[in-house]
Amino acid sequence: VLRAERDWTQADLADELDVSRQTINAIEKEKCDPSLPLAFKAARLFEMSIEDIFKDEVTPGAK
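Structural data, given as structure tokens:
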């Protein structure tokens with residue numbers, strides 16, 4: 001998880017992105033997808049593309 005590489009808690013990241021800790025938790029557990037504005041904020045914060053941050057972790061060939 002990108003935030004762990006920076007020694008940030010979910011609360012730290014939530015503060016940086018101006019969302020609740022519960023939102024960060026749900027996104028990390030893949031229970032929900034971030035809104036487009038939130039995805040852009042995260043991309044700017046981590047200095048990465050949206051695709052690199054939120055890439056689909058589905059195994060090739062899986063249905």
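Its first residue numbered 1, the sequence shown is counted upward by one per residue in the UniProt record's numbering. Here a beta-carbon is modelled for each residue, glycine too, at the ideal position from N, C-alpha and C.
From the options, pick the residue whose C-alpha is nearest to that of residue i; which is it?
{"i": "valine 1", "options": "Ile27, Arg44, Asp18 and Ser35", "result": "Ile27"}
So what's residue i in DSSP terms, helix, strand or just coil?
{"i": "valine 1", "result": "coil"}
{"i": "valine 58", "result": "Its pLDDT being 49, under 50, valine 58 is placed unreliably in this model, and the coordinates cannot settle the point."}
{"i": "arginine 6", "result": "coil"}
{"i": "lysine 29", "result": "coil"}
{"i": "aspartate 18", "result": "coil"}
Exposed or buried, residue i, counting other C-beta atoms within 10 Å across all chains shown (16 or more means buried)?
{"i": "proline 37", "result": "exposed"}
{"i": "alanine 42", "result": "buried"}
{"i": "arginine 3", "result": "buried"}
I want to check one thing, is the minimum distance from the CB of residue i to the heavy atoms of the ligand COA below 8 Å?
{"i": "serine 20", "result": "As presented, the structure is devoid of all ligands, the ligand COA included, so that no description of it is given."}
Under 9 Å, Cβ to Cβ, is there at least one residue of chain C near residue i?
{"i": "leucine 2", "result": "The structure shown contains no chain C, having only a single protein chain."}
Less than 9 Å separating the beta-carbons of residue i and residue j?
{"i": "phenylalanine 40", "j": "isoleucine 50", "result": "yes"}
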